[in-house]
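Chains as they are written, first to last, in our numbering: chain A, 1 to 230; chain B, 231 to 441. Think of the CB as a built atom: it goes at the ideal place given N, C-alpha and C, for glycine as much as any other residue. Just so you know, these numbers come straight off a predicted model, no measurement behind them.
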């Protein structure tokens, strides 16, 4: 199986130049298959979010390499990283971060508005298609604050896919949802994984999500404690 | 045997509970051994089960229906186990359980019955047994072995932690692991155990070496 992502001896130390540096990640070696659906679990402080932020280029490793489709991201400058992040990676967070004064459709198109690229007919069609995929085509013109928590999270999922990313990083995507909405969001992520072949890495505390993924990676004290493929 | 097995499977496929139970009892009344019934009918009927529907939710309840029929067969045929139990019993106790959140218990029940047939004292303490209750059983019963059956691979992670704690707290108990998750993933996780037993042959061999 081809790898989309490889972490090689990844180390993250916070406060390197202080009296009490804290090593959050200890020489992590990990590779992720293309089109796979993965869960990262672990207690608070285990290094899950640190690792996800480094993979998403929102943070930098102290040592080690992150290879994306074989390319070493440490060689990218700031602009190249921003471009990479925008084109290749989709983010879903526990809180949806939708802009309250905009509609569902406008929120999905927000990555284009921010990059000041023209919104072509093709892009608008794609946004509509994504809203249909997440089951919200009827609500596309609804202001986001008039949607339920589960619906808002589905808009955030559609927004994360607008640039057709190869990899989606989801940090507790169901953390704020009830169990029915959690199941709906899981079904949706799985559908996107199957139909669009998007690779997923999902940080979750929710066993109902983790046990349905194809691979569970558990972090403990900044190290891989268990790594099981279904 | 194959023809009889296919007949049994067709009854299970049709979810014809009464006929399936009566069929197995008829085999036992006609002198088939309880071990042959387990090995040639009960275990394969679950292990070989394939859902014909592409819809996950249909497959889940259909599998549960089949499991329910098999569970009734296991319970209703227990007197045959009592008759078949080895006379030369071994004075060792095995506590069996499925760990927390593990609801697939047929494998554990079959294992418990096999250990019983081999002459062990057996206490099956249930599916989805919380960690503190497993620890409590170990403390009170002081068994020679703790046997855990794990089917859902997520539960390997929970069980790994539990076993690390148990081994640290108990010097004497030996750990036996079995189940689909162990069969498939034993090399993927550094889990504590003394024995892995996944079949009647494994249990017979274990009994032979356990003096």
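What is the residue span of the beta strand (DSSP E) that residue i lies within?
i: residue 17 of chain A; result: Unbroken run through residue 17 of chain A: none, as it is neither H nor E.
i: residue 228 of chain A; result: 223-229
i: residue 222 of chain B; result: No statement about residue 222 of chain B is possible, as the shown extent of chain B runs from 231 to 441 and does not include it.
i: residue 199 of chain A; result: 199-203
i: residue 220 of chain A; result: 215-220
i: residue 169 of chain A; result: 167-171
i: residue 68 of chain A; result: 63-68
Applying the criterion that 16 or more other CB atoms from any shown protein chain within 10 Å of the CB defines a buried residue, is residue i buried or exposed?
i: residue 100 of chain A; result: exposed
i: residue 357 of chain B; result: buried
i: residue 164 of chain A; result: exposed
i: residue 438 of chain B; result: exposed
i: residue 409 of chain B; result: buried
i: residue 1 of chain A; result: exposed
i: residue 71 of chain A; result: exposed
i: residue 132 of chain A; result: exposed
i: residue 171 of chain A; result: buried
i: residue 140 of chain A; result: buried
i: residue 231 of chain B; result: exposed
i: residue 362 of chain B; result: exposed
i: residue 294 of chain B; result: exposed
For residue i, list the residues DSSP reports as bridge partners.
i: residue 400 of chain B; result: Paired residue(s): none; residue 400 of chain B is not in a bridge.
i: residue 111 of chain A; result: Paired residues: none, contrary to the question.
i: residue 95 of chain A; result: The partner list for residue 95 of chain A (beta bridge, DSSP) is empty, contrary to what the question assumes.
i: residue 242 of chain A; result: The structure shown does not extend to residue 242 of chain A, since chain A spans only 1 to 230, so no value can be given for it.
i: residue 325 of chain B; result: B:353 and B:376
i: residue 135 of chain A; result: For residue 135 of chain A, which the question treats as bridged, DSSP gives no partner whatsoever.
i: residue 8 of chain A; result: A:65
Would you kindly check if the distance between the Cβ of residue j and the Cβ of residue i is under 8 Å?
i: residue 155 of chain A; j: residue 82 of chain A; result: no
i: residue 185 of chain A; j: residue 174 of chain A; result: yes
i: residue 326 of chain B; j: residue 342 of chain B; result: yes
i: residue 94 of chain A; j: residue 176 of chain A; result: yes
i: residue 64 of chain A; j: residue 11 of chain A; result: yes
i: residue 73 of chain A; j: residue 57 of chain A; result: yes
i: residue 162 of chain A; j: residue 127 of chain A; result: yes
i: residue 324 of chain B; j: residue 344 of chain B; result: no
i: residue 30 of chain A; j: residue 224 of chain A; result: yes
i: residue 381 of chain B; j: residue 421 of chain B; result: no
i: residue 315 of chain B; j: residue 268 of chain B; result: no
i: residue 159 of chain A; j: residue 111 of chain A; result: yes
i: residue 88 of chain A; j: residue 166 of chain A; result: yes
i: residue 5 of chain A; j: residue 28 of chain A; result: no
i: residue 205 of chain A; j: residue 152 of chain A; result: no
i: residue 218 of chain A; j: residue 47 of chain A; result: no
i: residue 36 of chain A; j: residue 207 of chain A; result: no
i: residue 307 of chain B; j: residue 336 of chain B; result: no
i: residue 238 of chain B; j: residue 284 of chain B; result: no
i: residue 396 of chain B; j: residue 427 of chain B; result: no
i: residue 198 of chain B; j: residue 364 of chain B; result: This structure leaves residue 198 of chain B out entirely; chain B is present only between 231 and 441.
i: residue 149 of chain A; j: residue 181 of chain A; result: yes
i: residue 40 of chain A; j: residue 209 of chain A; result: no
i: residue 329 of chain B; j: residue 378 of chain B; result: yes
i: residue 415 of chain B; j: residue 384 of chain B; result: no
i: residue 431 of chain B; j: residue 404 of chain B; result: no
Establish whether the CB of residue i and some CB of chain B are separated by less than 8 Å.
i: residue 211 of chain A; result: yes
i: residue 28 of chain A; result: no
i: residue 300 of chain A; result: Outside the displayed range of chain A (1 to 230) lies residue 300 of chain A, so it cannot be described from this structure.
i: residue 207 of chain A; result: yes
i: residue 227 of chain A; result: yes
i: residue 218 of chain A; result: yes
From what residue to what residue does the alpha helix (DSSP H) around residue i run?
i: residue 190 of chain A; result: 179-196
i: residue 362 of chain B; result: 361-371
i: residue 308 of chain B; result: 308-314
i: residue 379 of chain B; result: That residue, residue 379 of chain B, is in no alpha helix (DSSP H); its beta strand (DSSP E) goes 375-379.
i: residue 79 of chain A; result: 78-88
i: residue 333 of chain B; result: No alpha helix (DSSP H) holds residue 333 of chain B; DSSP gives it neither H nor E.
i: residue 235 of chain B; result: 232-243
Please confirm whether residue i has its beta-carbon closer than 8 Å to some beta-carbon of chain A.
i: residue 288 of chain B; result: no
i: residue 333 of chain B; result: no
i: residue 396 of chain B; result: no
i: residue 350 of chain B; result: no
i: residue 418 of chain B; result: yes
i: residue 386 of chain B; result: yes
i: residue 413 of chain B; result: no
i: residue 423 of chain B; result: no
i: residue 428 of chain B; result: no
i: residue 279 of chain B; result: no
i: residue 233 of chain B; result: no
i: residue 382 of chain B; result: yes
i: residue 441 of chain B; result: no
i: residue 390 of chain B; result: yes
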